[in-house]
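Note sheet for the following structure.
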Amino acid sequence: MDSDGTRDARGTHANPVPRPAGPPGIPAMPPRPTAAPTPGVPPRPDGSAFLAWLRTPRPEAAPGVWRFGHKPRPDEEPEQIPTRQLLSGAVIAFLVGWLIWSLLWNGYLGGWWVLPLELFTPDSWRHSNDRVGNAVLWYSYYTLIALAIMFAVGRLGRWGEIWRRFGPPAWRRSAPVTERPPTPEQDPAEWPQLRAAGAVDAAERLAAEARAGLMRDVDLARIDRAWQGVRSGRHSLATFTGAVLGEGAAACGHPSGERDLPTRIARHDLVTGQVRLGTTADDARNPYAYRGTGLGLGPELLGTSLLAVGPPGSGKTGTVVNPLAESLCLHALAGRASVVVVGAAGAGLGPADSYDVVVRIGNPESVYDLDLYGGTTDPDEAAAVLAEALVGDLAEPHQGGDNRRFTTALAQVLGPFRAVHGRFPSVRELRRLLDGPPHWLEALRKPLEESGQESLVHELDARVRQIGRADDAGEILADRVALLDRPAFAGFFDTSGQSRPFSLKALDHPVRVRVDLPQRGHADASRMLARLVLAQFTASVAVREDRSLFACLILDDATGVVTPEAVRGIQRLRSGNAGVVLTLRTLDDVPRPLRGPLLGATGCRMALSGLTPWDGQDFAEVWGKEWIEARDVTDRQIIAETPAGKVLHAVRRVITGKAPTARAVTVRQVERERWSASELAHVPPGHAVLSLTNVKGEHAPPLLVDLRG
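Numbered according to full-length UniProt numbering, the sequence shown terminates at residue 709, and the numbering increases by one at each position without gaps.
Spelled out as structure tokens, the structure:
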């Protein structure tokens, strides 16, 4: 289950090497963990906390519900009678029953109530000389009548509700529940799936590691991922069993040798794959089943992509991007995912130790470089991706966002250059080929003619004919390439093999990547590089061999990144088991024709506090309307017609200060926006409105979420 290196992406061979997870040998068992595992944290040495965490119920729930320890609620809110009204009604019902019994017992209601006894019993029973039998008959009848009265007033006074709310049933609900330990067939800590497949020795070893506190949540997820590979036929049972027996909880390790992240800032549950972002507010606008539940996101939701919009300081990075990046890094350590996080240098996207590859563009100390051509050897593919990065924002959305003439111009120089030099041009060489004197192109002609590559000679001729024309795409491309041909980037985008260029072709492996863009002074270049990473990502995930590995790209600031081709690429990600997370300060950073398609292409949409009303209007339109029950209440003044009534009304007006009125209630069905632009513009600080859709098509309506909970 290890890789022999033949499938590793170009430029990713440095330590640590991002390769597929499998059961390769890891030299020694890592030291015993010392922290207690609240959800997503390594366990204590005794393993009891880990076992308790593992055995916690995780029932199936609606999209977005934090499943760890979740207790399902009904879809509709049950009618809750106020306590004061409930108790007063019960007392009044009791007094009414007591009054009826007193009237019956003292004979004030006549003798009709004994008619049933006279109809259904013989006279000899009622007039018998046997005093004991006679007393038993009459007192039994009295008891039956009393029970009937008690039953009636009990139903009228809702005594059963009082019993359920304040009696022993409520005491049992509030008392701690001592659960019986699960049977071995139901205990996940005993690895029943391995036992059922005949790998009893491996299951025993893993269960012992869990009880001893040597297993962590990442180990559990990683070994389960390797086991899924055995079930799918990618790995053999013998290899898996040998790795587990030899390494225990450290088997099937990530190539970096890491079994956890240096630090964690969020709550994670790797059994369900969720990370907790907050708590759904107990608000009337939220469906009752969601109120007060935790909000959990996982690959099944991120697979439809997420768009978060909010002004600076609304919590996009701290409460959304960082927890999601941390969760996906944990998934990568478990062999489940590959993640690329892109943001400005100093944005605080997690420590460098949490990643396998950190590309610091513009920083001379960066160990890794970024492959400008995405690791491809096809000039046409490289030209298409590079054209999207360089001039994708110049495409007119209403004209279909066509970059073909720019792609053609790039292909006309990339193909001949690679055929002659065996590599693609560097930034400076590419700039000269696009905008320099014709002799730079003519220098390629002779080697091509000597090697008989006539088709590439025709490409050169076509490019030469375009030079100097008013519609020459090369001039525009050269101007954009010049943004990367700066002293700050002198050591980057090297194609001579002297650096370690990282390519997104490595997303076939569970790799963790962070790309730091230049923080200041190179805003246009940063947006261009962000478009480059997005274009390479959408192109790479579409041709992956192993699509069981979830791939995700997180763009901390997608300003200037959303183009017509980018929207089309995002729409195709779901079928490739991939997704993107985009954050924007405002939708004004997206061209008006692309706002609707962008909101439609992302299945998860988040509007954070501080949103402007015009941004809120776009969210309100995409979330649509719903039918609700509207209640119109009107108060009509009562006019007295008799002298006594007028006196009574005057006294009531003196006491209450208001004229006597009669209230009329009209109930009707109306169609209303789920969240209006005005409501979205007044979301409380630290909150957000979030709609969710998973890869199966199940969706959750817009929810008001407290991101601080």
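No residue lacks a Cβ here, since even glycine has one placed at the ideal position from N, Cα and C.
- According to the DSSP secondary-structure assignment, E459 is paired through a beta bridge with no residue.
- Look at D524 here: in three-state DSSP terms it is helix.
- Contact between T693 and G603 holds, with the beta-carbon distance rounding to 3 Å and staying under 8 Å.
- Contact between E209 and A249 holds: their C-beta atoms lie close to 4 Å from each other, under 8 Å.
- DSSP links V359 through a beta bridge to V515.
- Taking 8 Å as the cut-off, the Cβ atoms of A630 and E673 do not count as close.
- T693 has H699 as its beta-bridge partners, per DSSP.
- In the pairwise beta carbon analysis, the stretch 308-325 is classified as not touching the stretch 540-549: fewer than three pairs are separated by under 8 Å.
- For Q669, the enclosing beta strand (DSSP E) covers residues 661-673.
- Selection L444, G436, Q412 evaluated against H421 yields L444 as nearest (Cα-Cα).
- When DSSP assignments are scanned along the stretch 200-279, the uninterrupted stretches of alpha helix (DSSP H) that are 4 or more residues long and fall wholly within it turn out to be 200-211, 217-232, 237-247.
- Per DSSP, the beta bridge partners of I628 are V670.
- Taken in chain order, the whole alpha helix (DSSP H) runs of length 4 or more contained in the stretch 421-451 are 427-435, 439-450.
- Nearest to L370 by alpha-carbon distance, out of R469, Y355, S499, L394, is S499.
- Within the stretch 316-344, the complete alpha helix (DSSP H) runs of at least 4 residues fall at 322-333.
- At the C-beta level, V358 and G374 stay beyond 8 Å of one another.
- The DSSP assignment places 604-608 as complete runs of the beta strand (DSSP E) inside the stretch 586-624, in order along the chain (cut-off: 3 residues).
- Excluding residues up to 5 positions away in sequence, E300, G303, T304, R574 lie with their Cβ nearer than 7 Å to the Cβ of V695 in the same chain.
- Listed in chain order, the beta strand (DSSP E) elements of length 3 or more contained wholly in the stretch 140-172 amount to none.
- Distances from the alpha-carbon of R404 to those of W227, V341, G474, I639 put G474 closest.
- Within the same chain, H235 come within 6 Å of G229 by CB-CB distance, once the 5 residues on both sides are set aside.
- Excluding residues up to 5 positions away in sequence, R572, G576 lie with their Cβ nearer than 7 Å to the Cβ of A542 in the same chain.
- Non-local C-beta neighbours of S366 in its own chain, meaning closer than 7 Å and more than five positions away in sequence, comprise V359, R360, ordered along the chain.
- Judged by DSSP in its simplified three-state form, V385 adopts helix.
- L301 carries a helical assignment under DSSP once its states are collapsed to helix, strand and coil.
- Counting only residues of its own chain and dropping the five nearest sequence neighbours on each side, L599 has a CB closer than 8 Å to the CB of L307, R605, D618, F619, V622.
- DSSP places I467 outside both helix and strand once states are collapsed to three, so it counts as coil.
- Per the coordinates, the alpha-carbon of Q669 lies some 11 Å from the alpha-carbon of D632.
- In the three-state DSSP reduction, F550 falls in the strand class (E or B).
- With respect to the C-alpha of H522, the residue from L504, D494, F489, V515 having the closest C-alpha is F489.
- Annotated three-state conformation of F502 is strand, per DSSP.
- By the beta-carbon neighbour count (other beta carbons within 10 angstroms, threshold 16), H458 is exposed.
- Distances from the CA of L587 to each of R465, T272, T612, A578 were compared; the closest alpha carbon is that of T612.
- Here the stretch 283-290 does not lie against the stretch 528-542, with fewer than 3 beta-carbon pairs under 8 Å apart.
- For T583, the enclosing beta strand (DSSP E) has its first and last residue at 578-584.
- Across the structure, A347 and V340 are spaced so that their CA atoms are roughly 15 Å apart.
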